[in-house]
Amino acid sequence: MLTLSWVLPLAGALALLVIGNADGRRDGVIRWLTLLVTVATFGVTLAIWAGFDSASADFQFVERAAWIPAFGIDYYVGVDGVSLLLVVLTAFLSPIALLSSWGAIERKVKEFSIFMLALEAAMIGVFISLDLFLFYVFWDAMLVPMYFLIGIWGYDQRIYAAIKFLLYTMAGSVLMLVAILGLAWLHNDANGAYSFDLLRLYTLEIAPETQRWFFLAFTVAFAIKVPLFPFHTWLPDAHVQAPTAGSVILAGVLLKMGTYGLLRFSFPLFPDAAAYFAPMLALLAVVGIIYGALVAMVQPDMKKLVAYSSVSHLGFVVLGICAMNVQGVEGAIYQMLAHGVTTGGLFLLVGMLSDRRHTRLISEFGGLKAVMPRLTAVFMIITLASIGLPGLNGFIGEFLIMLGAFRWDPRFVVFAGLGVILSAVYMLWMFQRVYYGEVTHEENAKLPDLVPREWAAAVPLCAVAVVMGIFPTLFLRPMEASVEALISRVQARQNLRVERLERPERPERPERPERPERPER
Amino acid sequence: MTDFSAIVPMLCVTLAALAVMGAEACRAKGEDLPLGGLGIVGLAGAAAGAVLLWNRNAASFGVIVADNFGLFVTLVLVAVGVLTIMFSAPVVRRDGLPAGDYYALILFSIAGMIMMACANDLLVVFIALEILSIAVYVLTGIRRDDPRATEAAFKYFLLGAFSSAFFLYGIAFTYGLSGSTRLDRIGAYLAAQALSDNPLILVGLGFLLVGFAFKISAVPFHMWTPDAYEGAPAIVTGFMSTGVKTAAFAAFARVFLSAFEPFSGEWAPMVWLLAVATMILGTVVGVAQSNLKRMLAYSSIAHGGYLLVGLIAANDVGKAAILFYLAAYAITNLAAFGVIALLGARDQANDELRDYAGLWHTRPALAALMTVCLLSLGGLPPTAGFIGKWYVFSAAVSAGYYGLAVIGVLTSVISVFFYLRVVVMMYMTDRPAPVAAAPASGLGMAALVASIVAILALGVLPTPVLNLAVASIATIF
Numbered sequence: 000m001l002t003l004s005w006v007l008p009l010a011g012a013l014a015l016l017v018i019g020n021a022d023g024r025r026d027g028v029i030r031w032l033t034l035l036v037t038v039a040t041f042g043v044t045l046a047i048w049a050g051f052d053s054a055s056a057d058f059q060f061v062e063r064a065a066w067i068p069a070f071g072i073d074y075y076v077g078v079d080g081v082s083l084l085l086v087v088l089t090a091f092l093s094p095i096a097l098l099s100s101w102g103a104i105e106r107k108v109k110e111f112s113i114f115m116l117a118l119e120a121a122m123i124g125v126f127i128s129l130d131l132f133l134f135y136v137f138w139d140a141m142l143v144p145m146y147f148l149i150g151i152w153g154y155d156q157r158i159y160a161a162i163k164f165l166l167y168t169m170a171g172s173v174l175m176l177v178a179i180l181g182l183a184w185l186h187n188d189a190n191g192a193y194s195f196d197l198l199r200l201y202t203l204e205i206a207p208e209t210q211r212w213f214f215l216a217f218t219v220a221f222a223i224k225v226p227l228f229p230f231h232t233w234l235p236d237a238h239v240q241a242p243t244a245g246s247v248i249l250a251g252v253l254l255k256m257g258t259y260g261l262l263r264f265s266f267p268l269f270p271d272a273a274a275y276f277a278p279m280l281a282l283l284a285v286v287g288i289i290y291g292a293l294v295a296m297v298q299p300d301m302k303k304l305v306a307y308s309s310v311s312h313l314g315f316v317v318l319g320i321c322a323m324n325v326q327g328v329e330g331a332i333y334q335m336l337a338h339g340v341t342t343g344g345l346f347l348l349v350g351m352l353s354d355r356r357h358t359r360l361i362s363e364f365g366g367l368k369a370v371m372p373r374l375t376a377v378f379m380i381i382t383l384a385s386i387g388l389p390g391l392n393g394f395i396g397e398f399l400i401m402l403g404a405f406r407w408d409p410r411f412v413v414f415a416g417l418g419v420i421l422s423a424v425y426m427l428w429m430f431q432r433v434y435y436g437e438v439t440h441e442e443n444a445k446l447p448d449l450v451p452r453e454w455a456a457a458v459p460l461c462a463v464a465v466v467m468g469i470f471p472t473l474f475l476r477p478m479e480a481s482v483e484a485l486i487s488r489v490q491a492r493q494n495l496r497v498e499r500l501e502r503p504e505r506p507e508r509p510e511r512p513e514r515p516e517r518p519e520r
Numbered sequence: 000m001t002d003f004s005a006i007v008p009m010l011c012v013t014l015a016a017l018a019v020m021g022a023e024a025c026r027a028k029g030e031d032l033p034l035g036g037l038g039i040v041g042l043a044g045a046a047a048g049a050v051l052l053w054n055r056n057a058a059s060f061g062v063i064v065a066d067n068f069g070l071f072v073t074l075v076l077v078a079v080g081v082l083t084i085m086f087s088a089p090v091v092r093r094d095g096l097p098a099g100d101y102y103a104l105i106l107f108s109i110a111g112m113i114m115m116a117c118a119n120d121l122l123v124v125f126i127a128l129e130i131l132s133i134a135v136y137v138l139t140g141i142r143r144d145d146p147r148a149t150e151a152a153f154k155y156f157l158l159g160a161f162s163s164a165f166f167l168y169g170i171a172f173t174y175g176l177s178g179s180t181r182l183d184r185i186g187a188y189l190a191a192q193a194l195s196d197n198p199l200i201l202v203g204l205g206f207l208l209v210g211f212a213f214k215i216s217a218v219p220f221h222m223w224t225p226d227a228y229e230g231a232p233a234i235v236t237g238f239m240s241t242g243v244k245t246a247a248f249a250a251f252a253r254v255f256l257s258a259f260e261p262f263s264g265e266w267a268p269m270v271w272l273l274a275v276a277t278m279i280l281g282t283v284v285g286v287a288q289s290n291l292k293r294m295l296a297y298s299s300i301a302h303g304g305y306l307l308v309g310l311i312a313a314n315d316v317g318k319a320a321i322l323f324y325l326a327a328y329a330i331t332n333l334a335a336f337g338v339i340a341l342l343g344a345r346d347q348a349n350d351e352l353r354d355y356a357g358l359w360h361t362r363p364a365l366a367a368l369m370t371v372c373l374l375s376l377g378g379l380p381p382t383a384g385f386i387g388k389w390y391v392f393s394a395a396v397s398a399g400y401y402g403l404a405v406i407g408v409l410t411s412v413i414s415v416f417f418y419l420r421v422v423v424m425m426y427m428t429d430r431p432a433p434v435a436a437a438p439a440s441g442l443g444m445a446a447l448v449a450s451i452v453a454i455l456a457l458g459v460l461p462t463p464v465l466n467l468a469v470a471s472i473a474t475i476f
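Going down the list, the protein sequences come from chains X and V.
What the first sequence shows, in numbering that gives the first Met the number 0, is residues 0 to 520, in sequence order.
What the second sequence shows, in numbering that gives the first Met the number 0, is residues 0 to 476, in sequence order.
If you want it as structure tokens, here you go:
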């Protein structure tokens with residue numbers, strides 16, 4: 000079942016490869032076929048969600064087969080509460096991204112579709128891999144289609160952005176590769192056999208000094224992906240230059256891989272180092288929250304504004320992860336999902352505007368409310384969700400994160416709270432300048448409103464934003480058991496080491512908390 | 000009766016080369032003989048011989064051993080030979096190269112390479128080195144009307160002769176100390192005697208190292224490489240950057256990991272320096288190139304550095320990693336040069352980077368195949384190059400060389416930058432490609448598709464070849 004979820008898009012890509020489309024005559028068929036494949040994939044992931052047992056903290060739908068036995072490398076996949084919804088999110092955003100570029104991509108439709116499907120396959124693969132080698136393969140393989148999507152179908156600075164994206168991400172990930180090899184070798188030292196099995200490596204005892212190096216290697220790779228300040232400079236370029244579909248996927252899914260990686264690998268594999276580095280990471284996260292928000296405020300380009308807002312929002316996620324308590328981590332995962340929906344949605348809607356006017360400058364718009372009321376309404380919902388208005392999805396995540404972070408270290412929350420206010424400032428200001436006031440440019444007076452294809456892309460996003468805001472338990476329930484298991488795994492190993500070193504108490508971190516009260520909606 | 004079985008593979012290739020020469024001599028003027036086909040028959044014989052000899056550990060004359068290590072390399076070399084001949088077929092016709100000479104030289108040099116991989120005696124290594132080198136010198140300059148090719152051949156020859164002298168000197172020193180040129184006897188002698196304070200052995204070791212470093216174009220002995228690679232016809236460049244390097248590395252690994260194993264403490268730091276310099280210079284200078292062949296020349300220098308990493312690790316992982324990496328690299332690099340060769344024209348090489356602008360629009364299949372090659376050279380999954388790099392660096396990590404592994408992966412990121420420049424040219428510039436070569440020949444495309452399938456197969460399901468590589472190193476050293 001899980002295998003199907005990534006093999007299906009890949010098979011779709013391979014099938015498209017053999018369809019002849021030299022003159023663009025079959026563009027329509029290819030578009031529909033691609034959409035069909037992504038929708039079917041979404042169906043598969045929904046079925047996985049339906050069959051998921053929320054009460055269990057174990058990995059489910061596990062599939063395992065020997066791949067390279069000489070090195071203990073397996074094809075080993077499974078989902079738990081942490082990854083389940085991210086897989087669903089990936090499959091949910093892929094058809095929407097396709098719809099967003101239905102008309103905008105006019106040349107080389109077949110190749111575009113192939114790269115989109117390959118990208119989806121690799122992204123799902125990243126989230127379901129339980130073997131570090133397999134994970135790394137998907138992690139790196141994902142770069143290639145994204146590189147082509149930005150480089151071929153992007154805007155005018157696309158080549159620079161594509162190369163920067165690829166080199167930045169690769170530079171981080173190759174260091175992770177060395178750390179992965181180091182882990183497998185340590186496992187060989189301890190147990191006499193190489194292993195890339197994540198669950199087995201979780202139980203490996205690693206000296207604190209080594210942990211720090213490995214933690215840094217992993218975390219730099221993930222921090223670049225997140226992107227955590229100061230590793231964020233690739234992001235505005237890539238986001239702005241990518242075609243709409245690419246931006247939606249970048250913002251919606253790719254950035255989550257960084258935070259997912261922190262949660263799945265950095266913290267539980269190296270708990271001592273995590274405890275050591277968590278305050279520094281949190282500091283960077285808070286700097287990113289404020290910095291991203293301030294820079295977003297002064298952007299003249301809507302896409303760039305949304306891109307910097309991602310830096311700010313993802314800072315919250317990292318803060319929640321650093322807190323490493325139930326509220327913080329659940330809030331982080333929730334915020335990852337919410338951010339995927341809202342920021343993906345923002346890029347989608349900005350893309351619609353730029354398709355119509357071929358510009359993304361805020362100053363080129365104004366007074367659109369009278370011209371296109373439906374787009375305005377949709378944009379409003381997503382904007383408010385992004386700000387974190389109660390009742391919409393952004394609120395729950397940020398609230399939980401701040402709750403968790405407050406229990407850990409209130410100082411961070413004070414500054415993070417500023418970010419929430421700032422996000423309202425830059426988002427609403429942008430909204431005001433684009434939609435309210437007089438129509439300042441002649442060309443804007445006759446812009447068409449949403450067409451059915453765009454409705455099809457926008458409505459699911461709005462619906463999910465509302466549902467996530469009103470029924471958070473629906474999404475929190477599946478992750479509860481896994482998050483608790485994760486936290487206890489991290490803390491149990493920290494405590495174990497503490498006992499061995501006969502240190503009376505560790506001051507930095509509170510006892511494992513009981514279940515918190517859910518914010519009632 | 001001496002056992003001849005170990006020399007069967009090289010015998011097959013040599014006989015094929017002689018047959019090609021004979022056929023060429025008897026050829027009526029204007030008659031088109033399938034000389035390449037003869038070569039492929041010979042290579043197939045060599046492959047069959049290698050398969051039959053597997054696990055037998057045959058030895059002939061005491062100096063040629065057909066152990067699994069040598070046979071694995073033999074199989075890689077046979078693959079290189081077959082692909083080269085398939086790529087060459089259209090090129091020879093298009094460029095009007097003397098077919099008989101060309102194929103005979105290719106086959107002779109492959110015979111020399113196989114011999115080098117299986118040699119168990121320093122003198123035999125030297126003879127094999129000369130057999131393959133002389134053939135390759137001539138191949139480099141086979142386009143006699145091209146001044147660049149002549150210059151390249153001459154440079155290659157002079158520096159090659161120079162390095163041979165170094166190598167021979169190293170043999171002499173080693174012989175003088177240990178009283179033998181047989182690798183096993185040298186190894187036994189060195190292990191028994193505490194010679195580490197004897198400077199002479201280090202001198203001999205150093206000379207041998209320089210000789211090998213020339214052949215695998217390790218920095219700072221790489222000077223000939225960019226010129227020779229740029230001047231030679233593309234397919235010959237592909238052949239020498241893969242075949243010669245494979246054979247030289249096989250011999251390098253055999254000599255240093257068997258005879259001089261006891262001195263790994265002495266040579267490992269030297270090779271460490273070589274490897275680091277090679278990886279860094281190969282990638283950094285590669286970034287500045289605008290000629291594709293020259294760029295791939297620097298890339299192949301860098302790949303030599305990655306192979307050295309496997310050598311330094313000097314453990315079982317490293318040995319198997321060298322073998323796997325050689326196989327992956329040989330196929331990938333040859334295929335990349337195959338694309339260049341197929342895109343060339345008789346009077347125009349079409350090997351500048353800008354010649355590839357917009358290739359995607361005019362020749363989408365070739366562009367896609369080239370992209371796979373480049374991604375594999377850059378070490379991105381799911382290709383053979385990724386598994387190779389991963390294997391080599393896991394060898395480094397398992398031997399505790401974390402620094403080396405970090406330098407290696409970082410330089411490989413730099414190398415990705417220049418591989419991507421080609422991709423950018425092919426895919427992301429809208430100017431139509433000036434490359435207007437005739438439609439690629441069927442044979443050339445078949446070779447290309449076969450290589451790409453192999454690259455992806457090695458990248459996705461490496462286990463069979465990986466196990467083969469592991470089995471290959473089990474019997475020796």
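Glycine included, every Cβ here is placed at the ideal spot set by N, Cα and C.
Here the structure is a predicted model, which means the values were calculated and not measured.
Subject >> X/L360 - DSSP class collapsed to helix/strand/coil >> reply: Within the first sequence, the letter at position 361 stands for residue 360 of chain X. It is a strand residue.
Original post:
Buried or exposed: X/S194, going by 16 or more other Cβ atoms within 10 Å of its Cβ?
Top reply: To locate residue 194 of chain X, count along the first sequence from 1; it is residue 195. In this structure X/S194 is buried. Its beta-carbon is surrounded by 16 or more other beta-carbon atoms within 10 angstroms.
Subject >> Residues bridged to X/Q59 [DSSP beta-bridge criterion] >> reply: As a working mapping, residue 59 of chain X is identified with position 60 in the first sequence. BP columns for X/Q59 point to X/V78.
Subject >> beta-carbon X/P471 near the ligand ADP non-hydrogen atom, thresh 7 Å >> reply: The model depicted lacks the ligand ADP and carries no ligand whatsoever.
Original post:
When you compare each of X/V247, X/D22, X/G42, X/S246 to X/P8 by their alpha carbons, which one comes out closest?
Top reply: Sequence index remark: in the first sequence, residue 8 of chain X carries index 9 (1-based). Of the listed residues, the one whose Cα sits closest to X/P8 is X/G42.
**OP:** Select from X/M426, X/T258, X/M0, X/P207 the residue whose C-alpha is nearest the C-alpha of X/V294.
**Re:** For the purposes of this step, residue 294 of chain X is taken as the residue at position 295 of the first sequence. For X/V294, the nearest C-alpha among the options comes from X/M426.
Original post:
Does any C-beta atom of chain V lie closer than 8 Å to the C-beta of X/R452?
Top reply: Position 453 of the first sequence, counted from the start, is the residue given in the question as residue 452 of chain X. So, not an interface residue.
Original post:
Of the residues that make up the stretch 206 to 235 of chain X, which ones have a beta carbon closer than 7 Å to any beta carbon in chain V?
Top reply: Within the stretch 206 to 235 of chain X, no residue has a Cβ lying closer than 7 Å to any Cβ of chain V.
Subject >> Contact set between V/L368 and chain X, taken where Cβ atoms lie within less than 9 Å >> reply: Translated into the one-based positions of the second sequence, residue 368 of chain V becomes position 369. In chain order: nothing, as chain X lies at least about 13 Å away.
Original post:
V/A404 touches chain X at which residues, Cβ-Cβ below 8 Å?
Top reply: The sequence position of residue 404 of chain V within the second sequence is 405, counting from 1. Going along chain X in sequence order, the residues near V/A404 (Cβ under 8 Å) are V177, L180.
Original post:
Roughly how many whole angstroms lie between the Cα atoms of X/D448 and X/P242?
Top reply: Taking the first sequence and counting its residues from 1, the one referred to as residue 448 of chain X is at position 449. Taking the first sequence and counting its residues from 1, the one referred to as residue 242 of chain X is at position 243. If you take the alpha carbons of X/D448 and X/P242, they lie about 21 Å apart.
**OP:** Check whether the Cβ atoms of X/R211 and X/A272 lie closer than 8 Å to each other.
**Re:** Sequence index remark: in the first sequence, residue 211 of chain X carries index 212 (1-based). Sequence index remark: in the first sequence, residue 272 of chain X carries index 273 (1-based). Taking 8 Å as the Cβ cut-off, X/R211 and X/A272 qualify as a contacting pair.
Original post:
Using a Cβ-Cβ distance under 8 Å, would V/V254 count as near chain X?
Top reply: What you label residue 254 of chain V is simply residue 255 of the second sequence in a count that begins at 1. It does not: the Cβ of V/V254 has no partner Cβ on chain X nearer than 8 Å.
Original post:
Using a beta-carbon distance below 8 Å, is V/S397 in contact with chain X?
Top reply: The count along the second sequence starts at 1 and reaches residue 397 of chain V at position 398. It does: the Cβ of V/S397 has a partner Cβ on chain X nearer than 8 Å.
Subject >> Same chain, Cβ closer than 6 Å to V/Y188, five either side skipped, listed in chain order >> reply: As a first step, residue 188 of chain V is located in the second sequence; it is residue number 189 there, counting from the start. Closer than 6 Å at the Cβ level, and outside the excluded window around V/Y188, lie S177.
Original post:
By a C-beta neighbour count over all protein chains shown, 10 Å radius and 16 as the cutoff for buried, is V/D226 buried or exposed?
Top reply: For the purposes of this step, residue 226 of chain V is taken as the residue at position 227 of the second sequence. Classified as buried, V/D226 has 16 or more neighbouring CB atoms from the shown chains inside 10 Å of its CB.
Original post:
Given that a residue counts as buried once 16 or more other Cβ atoms are within 10 Å of its Cβ, and exposed if not, what is X/P270?
Top reply: Along the first sequence, read from residue 1 onward, the residue named residue 270 of chain X stands at position 271. It counts as buried.
Original post:
Given X/R476, which residues of its chain have a CB within under 8 Å of its CB, disregarding the five upstream and five downstream residues?
Top reply: Position 477 of the first sequence holds residue 476 of chain X. Excluding residues within five positions, the ones whose Cβ falls inside 8 Å are S53.
Original post:
How many whole angstroms separate the CB atoms of X/A261 and X/V317, which I take to be in contact at a CB cut-off of 8 Å?
Top reply: Residue numbering aside, residue 261 of chain X sits at position 262 when the first sequence is read from its first letter. Residue numbering aside, residue 317 of chain X sits at position 318 when the first sequence is read from its first letter. The identity of residue 261 of chain X in the sequence shown is Leu, whereas the question assumes Ala. Right, the Cβ-Cβ distance comes to about 7 Å (below 8 Å), so this counts as a contact.
**OP:** Specify the secondary structure class of V/I472 as computed by DSSP and reduced to three states.
**Re:** As a working note, residue 472 of chain V is residue 473 in the second sequence. The answer is helix: DSSP assigns V/I472 an H, G or I state.
Original post:
Mind checking whether X/M401 and X/V412 have CB atoms under 8 Å apart?
Top reply: As a working note, residue 401 of chain X is residue 402 in the first sequence. As a working note, residue 412 of chain X is residue 413 in the first sequence. The Cβ atoms of X/M401 and X/V412 sit closer than 8 Å to each other.
Original post:
Taking just the CA atoms, how far does V/N466 sit from V/I105?
Top reply: As a first step, residue 105 of chain V must be located in the second sequence, where it is residue number 106. As a first step, residue 466 of chain V must be located in the second sequence, where it is residue number 467. Cα-Cα distance, rounded: 30 Å.
**OP:** Compare the beta carbon distance of V/F156 and V/Y174 with 8 Å and say whether it is the shorter of the two.
**Re:** The residue labelled residue 156 of chain V in the question sits at position 157 within the second sequence. The residue labelled residue 174 of chain V in the question sits at position 175 within the second sequence. For V/F156 and V/Y174, no; Cβs fall outside 8 Å.
**OP:** Check whether the Cβ atoms of V/Y426 and X/F147 lie closer than 8 Å to each other.
**Re:** Numbered from its first residue, the second sequence carries residue 426 of chain V at position 427. Numbered from its first residue, the first sequence carries residue 147 of chain X at position 148. Going by C-beta atoms, V/Y426 is nearer than 8 Å to X/F147.
Subject >> Range covered by the beta strand (DSSP E) that runs through V/I487 >> reply: Within the shown structure, residues of chain V are numbered from 0 to 476, placing residue 487 of chain V beyond reach of any answer.
Subject >> V/D350, DSSP secondary structure in three states >> reply: If you number the second sequence from 1, residue 350 of chain V lands on position 351. Three-state DSSP puts V/D350 in coil, outside helix and strand.
Subject >> According to DSSP, residues forming a beta bridge with V/A57 >> reply: Working through the second sequence from its first residue, we reach residue 57 of chain V at position 58. In the DSSP assignment, V/A57 is bridged to V/A65.
Original post:
If you scan the stretch 280 to 350 of chain X from start to end, which runs of the alpha helix (DSSP H) of 4 or more residues do you find wholly inside it?
Top reply: Fully enclosed alpha helix (DSSP H) runs of 4 or longer: 301 to 322.
Original post:
Is it the case that the Cβ atoms of X/G393 and X/A384 are separated by a distance below 8 Å?
Top reply: Indexing the first sequence from 1 puts residue 393 of chain X at position 394. Indexing the first sequence from 1 puts residue 384 of chain X at position 385. In contact: X/G393 and X/A384 (Cβ atoms closer than 8 Å).
Original post:
Can you check whether the CB of X/G350 is closer than 8 Å to the CB of X/L460?
Top reply: To locate residue 460 of chain X, count along the first sequence from 1; it is residue 461. To locate residue 350 of chain X, count along the first sequence from 1; it is residue 351. Not closer than 8 Å, so no.
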